[in-house]
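Okay, so here's the structure we're looking at.
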């Protein structure tokens with residue numbers, strides 16, 4: 082296979098998605114949907130994800146449960162991914178389409194950096210994800226909706242930044258926190274009450290843990306801590322040092338402390 086040659090007006094530039102479109106490969110391997118036969122019980126959904134700023138960057142978290150209608154499809158699905166070294170994406174919605182979108186997003190960022198010799202700006206990354214969501218709109222209208230959140234550390238501004246999206250690819254920057262998915266209403270309420278954007282890392286992570294616990298308590302599609310199976314939410318931190326995920330033992334210990342705190346509070350209420 083020879084390398085493609087484009088005229089100046091047809092050159093897709095450093096966009097990998099644009100290259101696939103020029104080669105008529107943009108839809109290969111992507112799922113198709115028939116609105117007459119596709120039902121909610123046919124699609125695996127990821128549920129609750131969230132992110133918030135803290136003093137040194139952003140923290141991003143997601144539960145592990147995936148549902149198919151009223152059934153638990155998977156108990157240990159990962160919904161939080163590194164987009165590149167200084168950014169991350171968390172997915173809610175149709176799991177298959179969302180995971181394929183994340184893979185394409187990661188590849189696009191790598192492709193751009195190799196061609197241009199430098200990484201996209203954080204806003205450029207956010208815009209690229211927005212274009213992918215817009216391209217997914219026909220599938221979203223047939224039940225394959227994807228509603229991610231994007232967070233990262235802006236090295237040009239030395240600050241953590243958060244971006245929310247809608248089904249049409251609309252991109253909205255949030256200043257303090259965001260949440261998406263079926264349990265987002267309950268999670269957002271907890272974060273709103275306890276979060277401050279200049280908090281220390283430990284405080285910010287504890288707020289995420291508390292918000293996920295509240296979402297799991299009130300939303301059946303959101304998975305809480307499962308000590309019997311050793312399954313806990315994924316929590317990642319993005320700072321000037323890059324993307325890193327907290328150890329599962331750390332998350333488990335934080336949940337144990339939270340449960341102990343709630344137990345003490347309920348005991349004092351009864352007395």
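Residue numbers (my numbering): 82 to 352.
We put the beta carbon where it would ideally sit given N, CA and C, even for glycine.
Predicted, not measured: the structure shown is a model, and the values here were computed from it.
request  = Please go through the same chain and pick out, in chain order, the residues whose beta-carbon is closer than 6 angstroms to the beta-carbon of residue 207, but skip the five residues on each side of it.
outcome  = For residue 207, same chain residues with a beta-carbon under 6 angstroms away, outside a window of 5 residues either side, are 231, 244 and 252 in chain order.
ask   = Going by DSSP, which residues form a beta bridge with residue 126?
value = Paired residue(s): 148 and 175.
message = Can you give me the C-alpha to C-alpha distance between residue 249 and residue 264, rounded to a whole angstrom?
response = If I take the Cα positions, the gap works out to 21 angstroms.
query = Which of helix, strand or coil does DSSP assign to residue 138?
reply = In this structure, residue 138 counts as strand in the three-state DSSP scheme.
message = Suppose the cutoff is 7 angstroms on Cβ atoms and the five residues either side in sequence are ignored; what does the same chain contact list for residue 257 look like?
response = In its chain, beyond the 5 residues on either side, 133, 134, 276 and 278 have a beta carbon closer than 7 angstroms to the beta carbon of residue 257.
request  = Measure how close the beta-carbons of residue 166 and residue 324 come, nearest whole angstrom, since I'm counting them as under 8 angstroms.
outcome  = Going by Cβ atoms, the distance from residue 166 to residue 324 rounds to 6 angstroms, so yes, they are a contact pair.
key: Where the alpha helix (DSSP H) through residue 297 begins and ends   = Note, residue 297: alpha helix (DSSP H), 282–299.
task = Go through the stretch 161–234 residue by residue and report every complete run of the beta strand (DSSP E) that reaches 3 residues or more, in order.
result = Within the stretch 161–234, the complete beta strand (DSSP E) runs of at least 3 residues are 161–165 and 168–171.
Residue 151 classed as buried or exposed, judged by whether at least 16 other C-beta atoms fall within 10 angstroms = So residue 151 ends up on the exposed side.
task = Could you tell me if residue 234 is buried or exposed, where buried requires 16 or more neighbouring beta carbons within 10 angstroms of its beta carbon?
result = By the neighbour-count rule (16 or more Cβ atoms within 10 Å), residue 234 is buried.
ask   = Between the C-alpha atoms of residue 299 and residue 198, what's the straight-line distance to the nearest angstrom?
value = Near 47 angstroms, if we compare the C-alpha coordinates of residue 198 and residue 299.
ask   = Which whole runs of the beta strand (DSSP E) in the stretch 233–283 are 3 residues long or more, in chain order?
value = With a minimum length of 3 residues, the continuous beta strand (DSSP E) runs that stay inside the stretch 233–283 are 240–246, 252–255 and 258–261.
N- and C-terminal bounds of the beta strand (DSSP E) containing residue 320 = Element bounds for residue 320: 315–320.
ask   = Helix, strand or coil: which one does DSSP assign to residue 333?
value = In the structure shown, residue 333 sits in a helix (DSSP, three-state: H, G or I).
key: Unbroken beta strand (DSSP E) run spanning residue 325, endpoints   = First-last of the beta strand (DSSP E) with residue 325: 323–326.
ask   = Is the CB-CB distance between residue 365 and residue 332 below 8 angstroms?
value = No answer is possible for residue 365: the residues shown for the chain start at 82 and end at 352.
task = Indicate, with yes or no, if the ligand MN has a heavy atom lying under 7 angstroms from the CB of residue 226.
result = Of the ligands one can find in the structure shown there are none, so the ligand MN has no counterpart to examine.
request  = Counting only the same chain and skipping the five closest in sequence on each side, list residues whose C-beta sits under 7 angstroms from that of residue 183.
outcome  = Excluding sequence neighbours, residue 183 sits near 162, 170 and 172.
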